[in-house]
Amino acid sequence: MNPQEEWRLARERGAETAKRPAARTACYKPRTKRLEITLTNGISLLVPIAYIEGLHAAAAADLREIEIFGLGSALVFPKLDEVVSVHGLIDGVFGSKAWMRDIGRAGGSVRSEAKSSAARENGKKGGRPRNAA
Numbered sequence: 266m267n268p269q270e271e272w273r274l275a276r277e278r279g280a281e282t283a284k285r286p287a288a289r290t291a292c293y294k295p296r297t298k299r300l301e302i303t304l305t306n307g308i309s310l311l312v313p314i315a316y317i318e319g320l321h322a323a324a325a326a327d328l329r330e331i332e333i334f335g336l337g338s339a340l341v342f343p344k345l346d347e348v349v350s351v352h353g354l355i356d357g358v359f360g361s362k363a364w365m366r367d368i369g370r371a372g373g374s375v376r377s378e379a380k381s382s383a384a385r386e387n388g389k390k391g392g393r394p395r396n397a398a
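For our numbering, add 265 to where a residue sits in the sequence shown, where the first one is 1.
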């Protein structure tokens, strides 16, 4: 690919990114252990820190310092040397594929009375349908 074509593609990607909401402000809420992000379209996101790869085990003091980077497309946590994609959070992506798989696995293994009750009721109806071969 020649340099002119690369430049054209980069401008197109930049224009698409600029259309998406970006971070206007971001702060850590220690009482609820959530990251609060206010977007340029006025919507606020509250994301549990426990779900965000690279931040889940961080101390509250390290989460308080947040820099908005790249016209609001990323959040930088300088004390942790971590960068979090705002567009990724909007899309529900909290880390790598392996991280997301582990979050899903943990959610699927949750045991609660409501889940147990639903499983018992489902069992009375014949249980989970078998996969068609």
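Backbone N, C-alpha and C define an ideal beta-carbon position, used for all residues, glycine too.
Predicted, not measured: the structure shown is a model, and the values here were computed from it.
*Rounded to whole angstroms, what's the CA-CA distance from proline 343 to asparagine 396? Just pull it up for me.*
One C-alpha to the other measures close to 49 Å.
*State the beta-bridge partners of serine 309 as determined by DSSP.*
Thr303.
*Please confirm whether proline 295 and alanine 322 have their CB atoms less than 7 Å apart.*
With respect to alanine 322, proline 295 sits apart: the two C-beta atoms are not nearer than 7 Å.
*Using a threshold of 7 Å, state whether the C-beta atoms of isoleucine 331 and alanine 288 are closer than that.*
Cβ distance not < 7 Å, so isoleucine 331 and alanine 288 don't count as in contact.
*Identify every run of the beta strand (DSSP E) within the region 345–397, keeping only runs that are complete inside it and at least 3 residues long; order them along the chain.*
DSSP runs (the beta strand (DSSP E)) wholly in the region 345–397: 347–350.
*Do the region 306–322 and the region 345–354 make contact, defined as three or more Cβ pairs closer than 8 Å?*
Segments in contact, yes.
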